[in-house]
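Residue numbers (my numbering): 1 to 206.
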């Protein structure tokens with residue numbers, strides 16, 4: 001079936017999301033590992049992605065883990081230092097698709113309050129034709145309801161959607177609904193896929 005819209009995840013597709021690397025640089029690799037072993041920081045972010053208030057969830061986690069409170073509060077105080085940098089080739093692909101007349105959507109597990117911070121930092125996040133942010137929707141990938149909500153809102157049949165995400169479970173959940181999918185590992189490989197599907201010309205996918 002012909003692709004009618006391309007849907008991008010954001011974390012690790014358009015923006016690097018590896019907070020461990022941030023803390024490796026900030027407090028050293030050994031202490032960073034100890035932090036992530038002691039505190040479920042990714043679980044904290046899932047609560048935010050599901051609709052929890054960003055600052056409140058971070059502050060509650062810091063209060064519950066006093067030995068690490070200073071480090072945990074950096075999620076609140078230095079969000080734009082943690083969720084970066086952009087992946088330039090992926091951003092070029094987003095813009096090339098739009099220039100080719102292909103609608104481009106975002107579907108991301110992202111908090112309702114911290115997403116605007118990243119949008120201000122990375123203006124390309126304002127360029128989607130439609131945007132589906134989990135914290136705003138109060139539903140998350142890979143739950144089926146968020147994919148169903150996207151289908152209902154955009155009106156495109158599942159087979160007409162091409163979804164790129166870096167997580168296998170998210171891709172599998174989309175494929176189970178009949179979406180076309182790309183398990184994102186590298187922008188160059190995604191570029192090859194887009195060219196192979198006839199969505200971009202090779203020169204435009206560089």
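Beta carbons are placed, not taken as given, at the ideal position from N, Cα and C, and that holds for glycine. These figures come from a predicted structure and were not determined experimentally.
- In its chain, beyond the 5 residues on either side, 106 have a beta carbon closer than 6 Å to the beta carbon of residue 131.
- Per DSSP, the unbroken alpha helix (DSSP H) holding residue 121 starts and ends at 114-121.
- Restricting attention to beta strand (DSSP E) runs no shorter than 3 residues, the stretch 129-168 encloses them at 130-133 and 161-165, ordered along the chain.
- Considered as a whole, the stretch 52-107 harbours 54-64, 69-72, 74-77, 79-82 and 88-99 as its complete alpha helix (DSSP H) runs of no fewer than 4 residues, in chain order.
- When 8, 184 and 1 are compared, the shortest CA-CA separation from residue 110 is found for 8.
- A contact is defined here as three or more CB-CB pairs under 8 Å, and the stretch 73-82 meets this definition with respect to the stretch 52-62.
- Less than 8 Å separates the beta-carbon of residue 141 from that of residue 173.
- The alpha-carbon separation between residue 61 and residue 15 amounts to approximately 24 Å.
- Three or more Cβ pairs closer than 8 Å define a contact, and the stretch 83-99 falls short of that threshold against the stretch 133-140.
- Look at the stretch 18-45 and you find no whole run of beta strand (DSSP E) that is 3 residues long or longer.
- The continuous stretches of alpha helix (DSSP H) do not include residue 184, and DSSP gives it neither H nor E.
- If you draw a straight line from the Cα of residue 18 to the Cα of residue 28, it comes to about 15 Å.
- Taking the Cα positions, residue 40 is about 42 Å away from residue 198.
- Beyond the five residues adjoining it in sequence on each side, residue 137 comes within less than 7 Å, by CB distance, of 146 and 149 in the same chain, given in chain order.
- The three-state reading of DSSP puts residue 171 in helix, counting H, G and I together.
- DSSP places residue 10 in no beta strand (DSSP E); its state is neither H nor E.
- Counting C-beta pairs closer than 8 Å gives three or more between the stretch 176-188 and the stretch 158-166, which meets the contact rule.
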